[in-house]
Amino acid sequence: MKFFIDTANLDHIREAHALGILDGVTTNPSLMAKEGIKGTEAINNHYKTICEIVDGDISAEVLGTDFNTIVEEGKVLAALHPNIVVKVPMIKDGVKAIKWFTDNGIKTNCTLVFSAGQAILAAKAGATYVSPFIGRIDDSGWDGMQLISQIANIYTLQGFETQILAASIRNANHIIQCAEAGADVITSPLEPILGLLKHPLTDLGLEKFLEDAKKMG
Ligand code: E4P
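Quick note on full-length UniProt numbering: the sequence shown kicks off at 1 and runs consecutively.
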């Protein structure tokens, strides 16, 4: 399973990258705005900086919602760096644009996916990644992990090559459950990734080992 970090914060990206386990980065307009990045030039430069830090797939989201605008924006984003993946919303024109990008050799991440039907459409259009938002589904009282399992079953049964990129991760347990449910990739903020490290018995055990090591002189 690949690990992406879901942020536009360069310090968090560098910290996750330094762990040596990072395979890529996803961003979205909210995450870019949170970092105070404004204007096309600044946005594009930020994507380029991320690409210089991490050698892996970097999702950059289009802002247009009609076919022509999505395609034009996506072409500009894809030209920024060979590792850019154009992130396209799961809407009718988005599906059409994903098919266009697929036919033209541009990688895509179909975002804002909340149902198996949407995941089937994304795969039919040839999306490189499909992003089910498990945290937002859980927040609304449904079961995000059940959707990951359902999509994984369908993709295996039908031989779809689109990779399941589990998004909207809220905690370390989500990452573990995604691994069990058959996600190909998780994209998570830094905290849940670091949460995987934590266990009180590890801390207690290390404390004791270090204490006993002192006796060894
Ligand atoms: C996916 O690529 C999105 O950037 C992200 O995972 C959304 O997460 P949120 O529900 O925490 O905003």
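For glycine and all other residues, C-beta sits at the position ideal for the given N, C-alpha and C.
Checklist entry - What residue ranges within the region 162-207 form continuous alpha helix (DSSP H) runs of no fewer than 4 residues, ordered along the chain? => result Listed in chain order, the complete alpha helix (DSSP H) runs (minimum 4 residues) inside the region 162-207 are 172-181 and 190-195.
Next on the checklist: Contact defined as beta carbons within less than 8 Å: I believe residue 155 pairs with residue 164. What is the distance between those atoms, to the nearest angstrom?
Outcome noted: On the sequence shown, residue 155 is found 155 positions in, with the first residue counted as 1. On the sequence shown, residue 164 is found 164 positions in, with the first residue counted as 1. Indeed they touch by this definition, with Cβ atoms about 7 Å apart.
Next on the checklist: Does the beta-carbon of residue 167, which I'm using as the reference point, lie nearer than 8 Å to any heavy atom of the ligand E4P?
Outcome noted: Position 167 of the sequence shown, counted from the first residue, corresponds to residue 167. At least one heavy atom of the ligand E4P sits closer than 8 Å to the Cβ of residue 167.
Next on the checklist: Using CA atoms only, rank isn't needed, just tell me which of 128, 27, 114 and 18 is closest to residue 142.
Outcome noted: What you label residue 142 is simply residue 142 of the sequence shown in a count that begins at 1. Among 128, 27, 114 and 18, the Cα nearest to that of residue 142 belongs to 114.
Item to check | Rounded straight-line distance, which links the Cα of residue 206 to that of residue 200 | outcome: Within the sequence shown, the letter at position 200 stands for residue 200. Within the sequence shown, the letter at position 206 stands for residue 206. Cα to Cα, the separation comes out at about 10 Å.
Item to check | Residue of 120, 116, 140 and 79 minimising C-alpha distance to residue 105 | outcome: For this step, residue 105 is matched to residue 105 along the sequence shown. Measuring from the Cα of residue 105, the nearest candidate turns out to be 79.
Checklist entry - Does the separation of the CB atoms of residue 109 and residue 85 fall below 9 Å? => result Residue numbering aside, residue 109 sits at position 109 when the sequence shown is read from its first letter. Residue numbering aside, residue 85 sits at position 85 when the sequence shown is read from its first letter. In this structure, the beta-carbon distance from residue 109 to residue 85 falls below 9 Å.
Checklist entry - For residue 169 versus residue 186, is the C-beta spacing smaller than 9 Å? => result Within the sequence shown, numbered from 1, the residue matching residue 169 stands at position 169. Within the sequence shown, numbered from 1, the residue matching residue 186 stands at position 186. Contact: yes.
Item to check | Per-residue burial, residue 188 [other beta carbons within 10 Å of its own, 16 or more giving buried] | outcome: The sequence position of residue 188 within the sequence shown is 188, counting from 1. Classification of residue 188: buried, given that the 10 Å Cβ count is 16 or more.
Item to check | Per-residue burial, residue 210 [other beta carbons within 10 Å of its own, 16 or more giving buried] | outcome: Residue 210 sits at position 210 when you count from the first residue of the sequence shown. Exposed, by the Cβ-count rule.
Item to check | Euclidean distance between Cα positions of residue 52 and residue 100 | outcome: Residue mapping note: residue 52 aligns to position 52 of the sequence shown, counting from 1. Residue mapping note: residue 100 aligns to position 100 of the sequence shown, counting from 1. A straight line joining the alpha-carbon of residue 52 with that of residue 100 spans about 27 Å.
Checklist entry - What do you reckon, is the C-beta of residue 14 under 8 Å from a heavy atom of the ligand E4P? => result Translated into the one-based positions of the sequence shown, residue 14 becomes position 14. No, the beta carbon of residue 14 sits no closer than 8 Å to any heavy atom of the ligand E4P.
Checklist entry - Quick one: Cα of residue 11 to Cα of residue 96, how far? => result Counted from its first residue, the sequence shown places residue 11 at position 11. Counted from its first residue, the sequence shown places residue 96 at position 96. It is roughly 36 Å from the alpha-carbon of residue 11 to the alpha-carbon of residue 96.
Checklist entry - Quick one: what's got a C-beta closer than 7 Å to residue 24's C-beta in the same chain, skipping five residues either side? => result As a position in the sequence shown, residue 24 is number 24, starting the count at 1. If we look at residue 24 and ignore the five residues flanking it on each side, its Cβ neighbours are 2, 4, 54, 56, 57 and 58.
Next on the checklist: So for residue 54, helix, strand or coil by DSSP?
Outcome noted: For the purposes of this step, residue 54 is taken as residue 54 along the sequence shown, with counting starting at 1. DSSP places residue 54 in coil when its eight states are reduced to three.
Next on the checklist: Using only the alpha-carbon positions, how far apart do residue 36 and residue 212 sit?
Outcome noted: Residue 36 sits at position 36 when you count from the first residue of the sequence shown. Residue 212 sits at position 212 when you count from the first residue of the sequence shown. Taking the straight line joining both Cα atoms gives about 49 Å.
Checklist entry - In chain order, what residues of the same chain have a beta carbon less than 8 Å from the beta carbon of residue 48, not counting five sequence neighbours either side? => result For the purposes of this step, residue 48 is identified with residue 48 of the sequence shown, where counting begins at 1. Excluding sequence neighbours, residue 48 sits near 80 and 81.
Checklist entry - What alpha helix (DSSP H) runs, 4 residues minimum, are completely inside the region 49-99? => result Runs of the alpha helix (DSSP H) spanning 4 or more residues and lying entirely within the region 49-99 occur at 67-80, in chain order.
Checklist entry - Taking Cβ to Cβ, would you say residue 61 is nearer than 9 Å to residue 102? => result Looking up residue 61 in the sequence shown gives position 61. Looking up residue 102 in the sequence shown gives position 102. A distance of 9 Å or more separates the beta carbons of residue 61 and residue 102.
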